[in-house]
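Below: the structure, in structure tokens.
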Amino acid sequence: MIRCSLILSVLLFAPLSGCLSQYTIADECVIRTSADDKTLTIVTYDIIALSDEVLQEFTNSTGYQIEMIRTDDAGGILEQLLLTKEAPQADLALGLDNTYLQTALENCLLAPHSASLPNINPQALAPYSGDMAVPFDHGYVCLNVDTQALEENNMTVPTTLEELTGEQWKGKTAFPSPTTSSPGRAFMTATIDYFERQNEMNAMEWWEDMAENDAIFTTGWSEAYEIHYSGGYGVWEEGHIGDAWLTVSYCHSPGVEAFFGGNSTISQAIDIDYASFHQVEYAAKVNGGGSASAVDAFIAFLLSDQINSNMPENNYMYSVLEGQDLPETDGYRHHSPVPSLPSEISTERIDEEMEDWLMDWRQATRAL
Amino acid sequence: MKATLGRSVPVALYLSMILVPLLFAVDRLVFVTGMNPFQAILHLDEHPLGTDAITFTFAQAILSALLTLILGLPIAWWLGRYEWKRIGIIRAALTLPFVTPTVVAAMGFLALIKEGGLLYSMGIDLRHETGLIGELSSMIGIEYSGHIIALLLAHVWFNLALVIRFVEPKISTLPPRYEDAFRMLPAGHSRWNRALYFWWPMLKTSILSAFVFTFIFSFTSFALVRWLAPNMWTLEALMAVEGGAAGIPGYRVDVSQLVLGGATLQGLVLLGALALAGRWQRQQSNEIELVSEGYLRGYTGTPGKGARLGIFAATVFALAPLVLMVFSSIRIRDRTSDSYRWSFDAWDRAFKGDLTYASVPEALTNSLAYAFGCLVLSCLLGFFVAQTIHALEEQNKTRLAQFVDVLSMLPLALSGVMVGLGVLLGILKIWPVMFSWYALPILPHAMLTTPFVVRLLLPAMREIDSDYDDAGRILGYSAYQRFVRIKLPLLKPQLVVAAALSMAFSLGEFGASWILLRSGAWDTLPVLVDQVMSRPKYFELVEPIAMAIATVLMCMTFLLFVIAERFRTHQGGGF
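Protein chains in written order, with numbering that gives the first Met the number 0: chain A, 0 to 367; chain B, 0 to 574.
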């Protein structure tokens, strides 16, 4: 019997042998299309604005069913697109940000959409304004600090990144890793620009100093913000450690804290010139995916006033629609400073140098 | 010939289910890295955390297995020796942690060790490492020792069921006259000598099997490490966090190298361990005669105070994190007044599906559908694989039997990332349409549960007296009639337990690393828990909703185990 089993296994393997070792690395961008069906498949991380109710509304109004392929974050979306490039599984990619977009474009992973768009805030269109991706939300990544902890320890809010390498900050900072977290990646990108303008040390030397100053490096934003940061909602969560008084989050995170905390927060965003990053998230049609009309319908739905203007409450990000801002309710807007000078690194440069930066960052920090 | 071919098809199917994804994954990673799997092992130290992860993986797995034995053996002894009221419920309670989704287990454990939690109020601060734990930490000079202790305790909690399931049946079915006879000998007078010269040889194989399986599950631990010891890395955790970028030509080749080397090293270590466990289990089946467990229990009588206290403590230990989880679903923080209130708001939202792509009733329906599919597939595959191994043993083809036996347990040795990558690449190449097939999650669920079905059925098949089959032949029964009228009734208890176990595992299986995870119409309860837990928790009901969903999941699993306990026989030992 076992012989029969092995023979059958071999027979099963045999037709597969032709499938192995036939990979191509890069080719010219050819826009491919697949047949339309009544299901729209979206590859995304967990966009919280898209609840069952919202999706049902889209289905009711257009007749398209929605299916989601979930990844961990924006990086996961890019990786899924790269892995399934030869047989795309999704029609729409939702959540690639401007640190990943150029790589997706370079690898021919996206295709032009033909959705009719409303007036979009020029700031949201600044990193990319072509027809291969449409911004649907945006925000600024910057350092957040626990003002209460600083007060208790007679410290002041830092005004430069260099201050964080001092003794009083030893073991008191938490950073999500740029290799596995998109806010982490955005902040690391900002440090490149910040130190290039300082002309005194380069960013990787600073990161090395931070590692020597016992900075905590985590794989994701959640671990840094929920487990380690002492100034956020993490204090209410199981497993909170609270050993970091400063972390990387969004400049409007204290605003969200205040919004849900009855206009009260001990967290403050720090506006240091060129040490924040303007992050824009995109919806993009997948090259080789199907349901072109469903993709266009969904992009239009996502950018409709009804959905997009609610981004601050439902997705904790800014709306991209012109004239929209954060709500004033419970101090949301008040506790959300807009950086005066965010970093200015082009998406092209990010694409060209990101792999090297990540390698250097890992060398410097000896972290993941 | 027809029957042989009929049996061969499911076995070939099962082997293909394991080997095809593996082949695809290895082929792709070799292509991307330009090195073979063994070369990749030698390059693991190039990853900044590679060497530390290997050391920590081995150290924590060995310590976890030892600690689980130390705490589990007395419990197995008390359970096996004495007559207990409602033993089915006690066993189900002690087994429940083993099928708890790890993210839920981690949350329950965090509730136990948090500031103001049960252990904290006893002066044991494992999270912030202050007081007693802080002193211990500086005394032994190991950084994050509080986190490591929390992780080891969680592994004990998780794997206690393995020790009980392997060892307790052996104790409860050993004829008491053996021990009585040994007591008459001069060497049998002292308790120590009886333990060393009587009980150890009798229980050795079960204890070692339990050790090996606990080692395996701790070795591949991921979610518990991530939540309880956030600064430490096991190989599996490292591969799971980085693995999304594996297998992409020209993109983050270092990740492909890590996954290829890490998965090969892990596979080799775990295959070796599984081969050992398989050998010990085979020895165990042929060693000694057994009696019914009721006979021994009646013989030794009711437990003393120490045993009662021990079992009570173990049950509390097993259920505490889960009970805390239920509390967390109705204890809501009030952000505006820095206080808590009691409310069923989270349950209401969970059942309506306000924060998720599916509601609890929808996800429960999906979970049950997949669990039922998994039950059918894994019981069928497991039965035929066990039958094949048994037939080979009967034909004295021991080595071949051993080979198939180890191969059948391969899913337990494979890294989830490796299988996930292989399944993705395999389906993309062979049959991409399969991705939109509703029943797809049944395949990875069945891959995970079939090894347990084999482990349950194989010892039972070995114990069936071949005289029954011969009698059937004399009566003129065909092979089919002998199977239906003789074998199936004799295997019924094990089949029922295997079915319940398959369903319970499937219900709790998260499976994110196994397949391209789809959400919406496909969401199961554990997927829903993960979906909610991974969201920013500014809104006060986010975590309670996750806990409410997890509570529904736990209740379903507990129910299945109580049912299984009614059918379980306690011959030999095994899961």
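Note that CB positions come from ideal geometry on N, CA and C, so glycine has one too.
For clarity, every value in this text was computed on a predicted model and none was experimentally measured.
For residue i, does the count of other Cβ atoms within 10 angstroms reach 16, so buried, or fall short, so exposed?
i	result
T213(B)	buried
L195(B)	exposed
H277(A)	buried
L41(B)	exposed
C141(A)	buried
D253(B)	buried
S335(A)	buried
Q55(A)	exposed
L173(B)	buried
I163(B)	buried
W513(B)	Below a pLDDT of 50, predicted positions are generally treated as unreliable, and W513(B), at 47, falls in that range; no measurement from the model is reported.
S205(B)	buried
E539(B)	buried
W191(B)	exposed
H188(B)	exposed
R340(B)	exposed
Q101(A)	buried
Y315(A)	buried
G260(B)	buried
Do residue j and residue i have their beta-carbon atoms positioned less than 9 Å apart in this structure?
i	j	result
E82(B)	P302(B)	yes
S180(A)	G219(A)	yes
G288(A)	L91(A)	yes
I247(B)	E78(A)	yes
W226(B)	F326(B)	no
F221(B)	A236(B)	yes
V411(B)	I215(B)	Reading off the sequence, residue 411(B) comes out as Leu, not Val. Contact flag set, yes.
M324(B)	T550(B)	yes
I298(A)	V133(A)	yes
A370(B)	L455(B)	no
T233(B)	L269(B)	no
F157(B)	L223(B)	yes
L424(B)	M433(B)	no
V255(A)	P126(A)	no
T70(A)	M353(A)	no
Using DSSP's beta-bridge definition, name the partner residues of residue i.
i	result
I215(A)	A173(A)
W341(B)	R330(B)
K284(A)	L91(A), A110(A)
D36(A)	Paired residue(s): none; D36(A) is not in a bridge.
P370(A)	One cannot answer for residue 370(A) here, as it falls past the ends of chain A, which runs 0 to 367.
V119(A)	Note on identity: in this sequence residue 119(A) is Ile, with Val being the wrong assignment. Beta-bridge pairing links I119(A) to L320(A).
Q267(A)	V144(A)
L245(A)	V144(A), T172(A)
I123(B)	G130(B)
Y228(A)	A243(A)
For residue i, go through chain E and note every residue whose CB falls closer than 7 Å to its CB, in chain order.
i	result
T218(A)	Considering every chain present, this structure includes no chain E. Its protein chains are A and B.
When the Cβ atoms of the segment 208 to 223 of chain A are set against those of the segment 111 to 125 of chain A, are three or more pairs found closer than 8 Å?
-> Of all C-beta pairs linking the segment 208 to 223 of chain A to the segment 111 to 125 of chain A, fewer than three are shorter than 8 Å, placing the two stretches out of contact.
Contact residues within the segment 108 to 140 of chain B, judged by C-beta distance below 7 Å to chain A | Answer set for the segment 108 to 140 of chain B: L109, A110, K113, R126, H127.
Counting Cβ pairs, one atom from each stretch, are 3 or more of them under 8 Å apart for the segment 365 to 384 of chain B and the segment 435 to 444 of chain B?
-> Inter-segment contact for the segment 365 to 384 of chain B and the segment 435 to 444 of chain B is present: three or more beta-carbon pairs are separated by less than 8 Å.
Select from the segment 133 to 163 of chain A all residues with a C-beta closer than 9 Å to any C-beta belonging to chain B, and list them in chain order.
-> With the criterion set as a beta carbon lying under 9 Å from some beta carbon of chain B, the segment 133 to 163 of chain A has no members that meet it.
Can you give me, in chain order, the residues of the segment 352 to 363 of chain B that have a beta carbon less than 9 Å from any beta carbon in chain A?
-> Answer set for the segment 352 to 363 of chain B: G352, D353, L354, T355, Y356, A357, S358, E361.
Members of the segment 49 to 66 of chain A near chain B, C-beta cut-off 9 Å = Those would be L49, S50, D51, E52, L54, Q64, I65, E66, in chain order.
Along the segment 77 to 100 of chain A, what residues have a CB closer than 8 Å to any CB found in chain B?
-> Hits within the stretch, in order: E78, Q79, L81, L82, T83, E85, A86, Q88.
Scan the segment 228 to 249 of chain A for residues whose Cβ lies nearer than 9 Å to a Cβ of chain B and list them as they occur along the chain.
-> Within the segment 228 to 249 of chain A, the residues whose Cβ lies closer than 9 Å to some Cβ of chain B are G231, Y232, G233, W235, E236, E237, G238, H239, I240, G241, D242, listed in chain order.
Near-chain B residues of the segment 313 to 331 of chain A (beta-carbon distance less than 7 Å), N- to C-terminal order | Within the segment 313 to 331 of chain A, the residues whose Cβ lies closer than 7 Å to any Cβ of chain B are, in chain order, Y315.
Taking one C-beta from the segment 303 to 311 of chain B and one from the segment 71 to 79 of chain B each time, how about it: are there three or more such pairs within less than 8 Å?
-> A contact between stretches requires three or more CB pairs, one per stretch, nearer than 8 Å, and the segment 303 to 311 of chain B meets this requirement with the segment 71 to 79 of chain B.
Is the segment 114 to 132 of chain B close to the segment 542 to 562 of chain B, with three or more CB pairs under 8 Å?
-> The segment 542 to 562 of chain B and the segment 114 to 132 of chain B do not touch, with fewer than three beta-carbon pairs separated by less than 8 Å.
The segment 527 to 538 of chain B: which residues have C-beta closer than 7 Å to a C-beta of chain A, in chain order?
-> Flagged, chain order: Q530, S533, R534, P535, K536, Y537, F538.
Give a yes or no on contact between the segment 261 to 270 of chain A and the segment 176 to 195 of chain A, applying the rule of three or more CB pairs nearer than 8 Å.
-> These segments do not touch.
Give, in chain order, every residue of the segment 332 to 350 of chain B whose Cβ lies closer than 7 Å to some Cβ of chain A.
-> Per Cβ criterion, the list reads R332, R334, T335.
Taking 8 Å as the threshold, find out whether the segment 397 to 414 of chain B comes into contact with the segment 259 to 276 of chain B through three or more Cβ pairs.
-> The segment 397 to 414 of chain B, when compared against the segment 259 to 276 of chain B, does touch it at the 8 Å Cβ threshold.
Counting pairs of beta carbons, one from the segment 481 to 491 of chain B and one from the segment 351 to 369 of chain B, are three or more of them closer than 8 Å?
-> The segment 481 to 491 of chain B, when compared against the segment 351 to 369 of chain B, does not touch it at the 8 Å Cβ threshold.
Just by C-beta distance, which residues in the segment 170 to 192 of chain A are closer than 8 Å to chain B?
-> Under the 8 Å Cβ criterion, the segment 170 to 192 of chain A contributes T178, T179.
Residues of the segment 280 to 309 of chain A with a CB closer than 7 Å to any CB of chain B: list them in chain order, please.
-> Across the segment 280 to 309 of chain A, no CB contact with chain B closer than 7 Å is found for any residue.
Which residues, in chain order, does the segment 207 to 232 of chain B contribute to contact with chain A at a C-beta distance below 9 Å?
-> Within the segment 207 to 232 of chain B, the residues whose Cβ lies closer than 9 Å to any Cβ of chain A are, in chain order, R225, W226, L227, P229, N230, W232.
Quick one, which residues of the segment 409 to 434 of chain B are near chain A if we go by CB-CB under 7 Å, in chain order?
-> Answer set for the segment 409 to 434 of chain B: L423, L427, K428, I429, P431, F434.
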